[in-house]
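Residue numbers (our numbering): 0 to 69. Glycine included, every Cβ here is placed at the ideal spot set by N, Cα and C. Since we're looking at a predicted model, the values are computed, not measured.
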């Protein structure tokens, strides 16, 4: 079982207003699962997109809007 503090995972910039931490994925032995922590600056926007797999969003702090296909 992997146990880690996500804050110890290096941040990678996504543009100028977002960053990502790849907490769990294939390198950690999870071939079908990814846990990412994405941090947004106020007003940041992700382009509309879809995935062929399940996708979860868990808000740690603040608020935002997530839109689904419905």
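Under 6 Å Cβ to Cβ from residue i, same chain only, skipping five residues before and after it: list those, please.
i: residue 14; result: none
i: residue 56; result: 65
What residue does the beta strand (DSSP E) around residue i start on, and which one ends it?
i: residue 51; result: Run containing residue 51: none; DSSP gives neither H nor E here.
i: residue 45; result: First-last for residue 45: undefined, no H or E at that position.
Out of the options, which has the shortest C-alpha to C-alpha gap to residue i?
i: residue 4; options: 17, 62 and 34; result: 34
i: residue 36; options: 46, 8 and 0; result: 8
i: residue 52; options: 46, 32 and 59; result: 32
i: residue 26; options: 60, 1 and 54; result: 1
i: residue 62; options: 10, 38 and 54; result: 38
CB-CB under 7 Å to residue i, same chain, minus the five flanking residues each way: which ones, in chain order?
i: residue 68; result: 49
Starting from the C-beta of residue i, find all residues in its chain whose C-beta is less than 8 Å away, skip the five residues before and the five after it, and write them out in chain order.
i: residue 17; result: 37, 38, 39, 40, 43 and 45
### Message
Within 8 Å, do at least three Cβ pairs link the region 20 to 29 to the region 39 to 48?
### Response
Judged by Cβ distances under 8 Å, the region 39 to 48 makes no contact with the region 20 to 29, as fewer than three pairs qualify.
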